[in-house]
């Protein structure tokens, strides 16, 4: 995948590979990386779409999502020829998060067998294709701060703001990992599998895994923020889009509606909702009881 991405970039702007390290030569070079990463992300989704549609399998959906981030991060690191600690650190941040997420999601789908969200969609090839195309587009958007940073500013050494972003990323990754592990263990417990999670981080937030993901991606943005200037600040579109989608789009609203359908009439669930913050962990009301 990385090699094909390099071919795309070379085709767009011949000789772009001469820029190996430091500030981008001009806006055309930056546009090259934006277009190349978009093409690479969509190409990965197209490959896995063909597999999923042909074999009617849900087992590669989440894997393709995570692999796309790994491929884009590796492409940017290799294609720019950057080998400083800052570039290695940022690449490692993206890859570590994606590997952790892939391991969790693939294990979950293997235990589930299939993802019921795609039952209706799979019968309509256009809707199924649209899902994969949108997933590829979202990967590209979320990676915008990383892409513009590699395209425009690649300092060799880690500065104070880089360390701050890295620290925030670590906190976010820990929150997301712990929350996912707690929910996974809850679902694996036969006595609790049909109920909601109300212990651990889930006692303080109804969606702590999403909060952790938001924190870590803002950590990524802060990592690159000290080196951005001009229109490269458009990289902020990545984490802002994530906030909007999780808080107001296909994330939290859908899960809240699903929970209301399942447990909305349960007084214990109503108490849990009243006592637990929607997203940001912290005290809200009287302790929830199960």
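Numbering (this note's numbering), first residue to last: 26 to 315. Beta carbons are placed, not taken as given, at the ideal position from N, Cα and C, and that holds for glycine.
Taking DSSP's pairing of strands, which residues face residue i in a bridge?
i	result
residue 302	230
residue 308	301
Whose C-beta lies closer than 7 Å to the C-beta of residue i among residues of the same chain, with five residues either side of it excluded?
i	result
residue 339	The structure shown does not extend to residue 339, since the chain is modelled only from 26 to 315, so the question has no answer here.
residue 196	240
residue 131	87 and 88
residue 255	none
Identify which residue in the options has its Cα closest to the Cα of residue i.
i	options	result
residue 307	160, 156, 236 and 79	236
residue 278	292, 231 and 244	231
residue 127	87, 272 and 210	87
residue 228	301, 183 and 159	301
residue 172	74, 202, 76 and 253	253
residue 90	262, 194, 150 and 70	70
residue 233	245, 214 and 205	205
residue 107	258, 194, 184 and 177	177
residue 111	281, 265, 245 and 292	245
residue 182	109, 149 and 214	109
residue 96	61, 281, 194 and 77	61
residue 104	194, 58, 265 and 255	58
residue 150	215, 81 and 185	81
residue 174	266, 160, 258 and 270	258
residue 153	78, 72 and 305	78
residue 198	243, 216 and 159	243
residue 226	264, 202 and 216	202
residue 200	215, 125 and 184	125
residue 72	265, 215, 282 and 160	160
Tell me which residues share the same chain as residue i and place their Cβ nearer than 8 Å to its Cβ, disregarding the 5 neighbours each side in the sequence.
i	result
residue 116	98, 99, 101 and 102
residue 162	63, 66 and 67
residue 294	221, 284 and 288
residue 268	239
residue 270	163 and 276
Ordered along the chain, which non-local residues of its own chain (more than five positions away) have a Cβ less than 6 Å from that of residue i?
i	result
residue 113	none
residue 298	none
residue 303	231
residue 49	Note on residue 49: pLDDT 43, under 50, position unreliable in the model; the coordinate value appears next. Closer than 6 Å at Cβ, skipping near neighbours: 55, 176 and 177.
residue 121	none
residue 157	70 and 74
residue 263	166, 167, 169 and 170
residue 129	205
May I ask you to check if the CB of residue i is nearer than 6 Å to at least one heavy atom of the ligand MG?
i	result
residue 199	By its list of ligands, the structure shown contains no ligand whatsoever, and the ligand MG lies outside what it can speak to.
Does chain D have any CB closer than 7 Å to the CB of residue i?
i	result
residue 96	Note that chain D does not occur in the displayed structure, where there is just one protein chain.
Practice problem: Note down, one range per segment and in chain order, each alpha helix (DSSP H) of at least 4 residues found wholly within the segment 139 to 218. | Solution: DSSP runs (the alpha helix (DSSP H)) wholly in the segment 139 to 218: 150 to 167, 169 to 177 and 185 to 213.
Self-check item: the segment 213 to 229 in contact with the segment 267 to 282 per 3-pair CB rule at 8 Å
Solution: no
Self-check item: Three or more C-beta pairs below 8 Å linking the segment 182 to 191 and the segment 244 to 252
Solution: yes
Practice problem: Could you pull out every unbroken alpha helix (DSSP H) segment of at least 4 residues lying fully inside the segment 55 to 116, listed in chain order? | Solution: 86 to 105
Quiz item: Does the pairing of the segment 284 to 291 with the segment 198 to 210 give three or more beta-carbon distances under 8 Å?
Solution: no
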